[in-house]
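Q: Each residue of the sequence shown is one higher than the last, beginning at 126 in my numbering.
C-beta atoms are modelled at their ideal positions from N, C-alpha and C, and glycine is treated no differently.
Bear in mind the structure is a predicted one, so any value in this text is a computation, not a measurement.
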Amino acid sequence: MVREGLIEHLSVLAEKNNYIDPELYEKYNVKRGLRNKDGTGVLVGLTEIGEVHGYIMDEGERIPDKGRLLYRGIDVWEIVQGFQKEGRYGFEEVSYLLLFGELPTRERLREFNCLLAENRSLPDGFVEDMILKAPSSNIMNKLARSVLASYSYDPDPDNTSIRNIVRQSIELIARFPLMIAYAYHARCHYYDNKSLYIHLPQKELSTAENFLHMIRPHNQYTRLEAELLDLALVLHAEHGGGNNSTFTVHVVASTGTDIYSVIGAAVGSLKGPKHGGANIKVMEMMENIKENVKDWKDEEEVKYYLGKILRKEAFDGKGLIYGLGHAVYTLSDPRAVLLKQKAAELAREKEMEDEFGLYLTIERVAPEVFAAEKRADKIIAPNVDFYSGFVYKMLNIPVELYTPIFAMARISGWCAHLIEELVSGGRIIRPAYKNVSPKKSYLLLDQR
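So this is what it looks like as structure tokens:
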């Protein structure tokens with residue numbers, strides 16, 4: 126009881142003495158969250174890897190524009206249309222493009238795929254010692270620990286030469302699906318009392334195919350399922366240098382530390398619900414809507430319930446329609462558009478068209494409801510999180526794997542930004558903090 130009382134007292138003390146008056150942020154013109162007053166991000170770096178376009182600035186005014194996402198200067202629309210037209214999986218090609226700055230030739234892509242296949246294995250004893258003997262209820266936690274543990278199995282872990290970083294990057298891209306799949310099965314076994322499955326990856330399969338092969342007890346999947354997961358990986362592989370986890374890569378890499386410390390920190394960033402858990406919140410909201418809207422095809426009933434959500438009378442009381450709107454994209458999120466197109470195909474195959482139709486209805490009527498409730502004409506379009514959770518649901522992928530799949534895709538972008546920071550960064554990232562604490566004198570124990 127004494128211990129609990131002390132913890133409670135210390136908690137109150139910690140909160141009281143760490144409060145900063147919000148007016149001070151205005152007084153000193155602090156860019157909270159590294160955001161300008163107009164919502165744009167503070168410019169802190171340059172990159173050639175990913176570009177996110179969602180608006181045009183005209184004399185200080187932000188003009189909404191069609192969303193575009195470019196990888197190494199190439200529109201992701203063109204990339205997706207290219208590999209889909211040729212009937213190929215695209216994640217490996219995109220990983221090559223992000224890491225090395227140019228599209229691979231047919232022969233170089235074949236060699237790169239072989240290199241990934243050769244590295245789709247974990248060191249001897251790793252699964253038993255690092256995953257099965259220390260399972261975690263949270264797979265992102267286990268992934269971060271697995272990344273950090275990889276340091277001990279690397280013959281040259283602290284070498285930050287580009288050649289060594291490229292080797293390590295390829296190993297991590299190849300091994301992330303295994304780390305995630307095995308951490309998932311360990312969780313199912315030790316926390317849910319299910320049978321333990323450890324499926325070895327197949328060298329001839331793509332990243333998306335191998336992941337479905339490894340997480341499913343029966344190893345079976347359809348071509349369309351693998352194509353949709355591959356598309357999701359492509360669309361989550363990179364999103365510029367300003368998102369929290371990628372910026373974390375730049376910050377930590379600027380210290381000169383090893384790749385495992387850098388990527389482990391990025392995984393920790395993505396684990397945060399404000400960054401990597403958005404599609405989980407969308408799924409929770411959609412389940413709530415399905416339970417409370419009797420006729421999913423009745424637009425008026427859907428609009429009425431969305432209004433209740435915005436008025437904080439329904440769902441979680443936050444007044445938010447999750448999955449709509451984005452910090453950069455305005456008129457559209459290209460990732461959501463591409464994912465929606467492919468999701469429609471699988472919805473037909475899975476006979477889930479009614480549920481998919483509910484998503485389309487919400488996308489269609491939500492702006493009208495928002496305008497009526499908030500009395501504002503703000504443009505809100507679905508972002509990638511609005512549809513990605515539904516895609517994973519159709520693939521029978523459990524919710525606890527949603528954010529790890531994000532990491533499985535983004536590892537390529539993270540490694541690309543790590544290389545860029547090492548080549549072009551040069552200086553340790555060290556922004557300023559102003560101390561606003563009043564000056565005090567030290568008191569001896571008996572005087573306190």
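1) Going by CA-CA distance only, name the one from ARG187, ASN142, LYS141 and LEU297 that's closest to ASP163.
2) Please determine, among ASN161, ASP510, ALA541 and ARG235, the residue with the shortest C-alpha to C-alpha distance to TYR527.
3) Expressed to the nearest angstrom, what Euclidean distance is found between the alpha-carbon atoms of LEU257 and ALA532?
4) Got a sec, what are the start and stop residues for the beta strand (DSSP E) TYR182 sits in?
5) Does the beta-carbon distance from VAL177 to VAL453 come in below 7 Å?
6) Just reading off the beta strand (DSSP E) that LEU195 is part of, what are its end residues?
7) If contacts are defined as beta-carbon pairs under 8 Å, then GLU211 and ASN244 qualify, I think. What distance do you get, rounded to the angstrom?
8) Is the beta carbon of MET410 sitting closer than 7 Å to the one on PHE440?
9) Between the Cα of VAL524 and the Cα atoms of SER386, ASN263, GLU133 and TYR558, which residue gives the shortest distance?
10) Please give the ranges of any alpha helix (DSSP H) in the segment 527-571, keeping only runs that are unbroken, at least 4 residues long and fully inside the region.
11) CB-CB under 8 Å to TRP539, same chain, minus the five flanking residues each way: which ones, in chain order?
12) Measuring CB atoms only, is the segment 246-257 touching the segment 353-361, in the sense that at least three cross pairs come out at less than 8 Å?
13) Taking its Cβ as the centre, do 16 or more other Cβ atoms sit within 10 Å of PRO342, making it buried, or is it exposed?
14) At which residues does the alpha helix (DSSP H) containing GLN466 begin and terminate?
15) Using DSSP with H/G/I as helix, E/B as strand and the rest coil, what is LEU74?
16) For THR455, which residues in the same chain have their Cβ closer than 6 Å to its Cβ, ignoring the five residues on either side in sequence?
17) Decide if GLY185 is buried, meaning its Cβ has at least 16 other Cβ atoms within 10 Å, or exposed.
18) If we ignore side chains and look at the alpha-carbon of each, how far apart do GLU545 and HIS364 end up?
19) Out of GLU148, LEU330, ILE384 and ILE340, which one is the CA nearest neighbour of ASP279?
20) Mind checking whether PRO95 and ALA461 have CB atoms under 7 Å apart?
21) Tell me the DSSP secondary structure of GLY514 in three-state form.
22) Which residues bound the alpha helix (DSSP H) around GLY389?
23) To the nearest whole angstrom, what separates the beta carbons of THR285 and LEU570, a pair I think is in contact under 8 Å?
24) Classify GLY482: buried if its beta carbon has 16 or more other beta carbons within 10 angstroms, exposed otherwise.
25) How long is the line joining the alpha carbons of LEU321 and HIS314, rounded to whole angstroms?
26) Three-state secondary structure (DSSP) at ASP200?
27) Compare the Cα-Cα distances from VAL167 to each of LEU159, ILE298 and ALA469 and report the closest residue.
28) Identify the continuous alpha helix (DSSP H) that holds MET411 and give its terminal residues.
29) Per DSSP, GLY166 forms a beta bridge with which residues?
30) Please report how far the alpha carbon of ILE553 lies from the alpha carbon of THR380, in whole angstroms.
31) For LEU268, I'd like the list of residues in its chain whose CB is within less than 7 Å of its CB, leaving aside the five on either flank, ordered along the chain.
32) Across the segment 418-434 and the segment 444-453, are there enough close Cβ pairs to call them in contact, namely three or more that are closer than 8 Å?
33) Candidates VAL252, MET182, LYS191 and LYS328: which alpha carbon is nearest GLU236's?
34) Roughly how many whole angstroms lie between the Cα atoms of SER537 and SER549?
35) Any idea if ASN335 is buried or exposed, counting beta-carbon neighbours within 10 angstroms, 16 or more meaning buried?
36) Across which residues does DSSP place LEU449 in a beta bridge pair?
A: This is what the structure gives:
1) ARG187
2) ASP510
3) Looking at the two C-alpha atoms, the distance is approximately 21 Å.
4) Here residue 182 is Met; the residue named in the question, Tyr, does not match the sequence. Taken as a continuous stretch (DSSP letters only), the beta strand (DSSP E) holding MET182 covers 175-183.
5) Pairing VAL177 with VAL453 gives a Cβ-Cβ distance under 7 Å.
6) Taken as a continuous stretch (DSSP letters only), the beta strand (DSSP E) holding LEU195 covers 186-196.
7) Going by Cβ atoms, the distance from GLU211 to ASN244 rounds to 25 Å, so no, they are not a contact pair.
8) Between MET410 and PHE440, the CB-CB gap stays under 7 Å.
9) Among SER386, ASN263, GLU133 and TYR558, the Cα nearest to that of VAL524 is on ASN263.
10) Listed in chain order, the complete alpha helix (DSSP H) runs (minimum 4 residues) inside the segment 527-571 are 527-549.
11) SER370, THR371, VAL374, VAL387, ILE388 and ALA391
12) no
13) exposed
14) 459-474
15) Residue 74 lies beyond the range of the chain shown here (126 to 573); nothing can be said about it.
16) GLY179, TYR180, PRO189 and ILE504
17) exposed
18) Straight through space, the alpha carbons of HIS364 and GLU545 are spaced by roughly 15 Å.
19) ILE384
20) Because the chain is modelled from 126 through 573, residue 95 falls outside the range shown and cannot be assessed.
21) helix
22) 384-396
23) Their Cβ separation, rounded to whole angstroms, is 47 Å, which puts THR285 and LEU570 out of contact at 8 Å.
24) exposed
25) 5 Å
26) strand
27) It is LEU159 whose Cα lies nearest to the Cα of VAL167.
28) 403-417
29) ARG160
30) 5 Å
31) If the five residues before and after LEU268 are omitted, its C-beta is found closer than 7 Å to the C-beta atoms of MET304, ILE305, ALA308, VAL392, PRO529 and ALA532, all from its own chain and listed in chain order.
32) yes
33) LYS328
34) 18 Å
35) buried
36) PRO507
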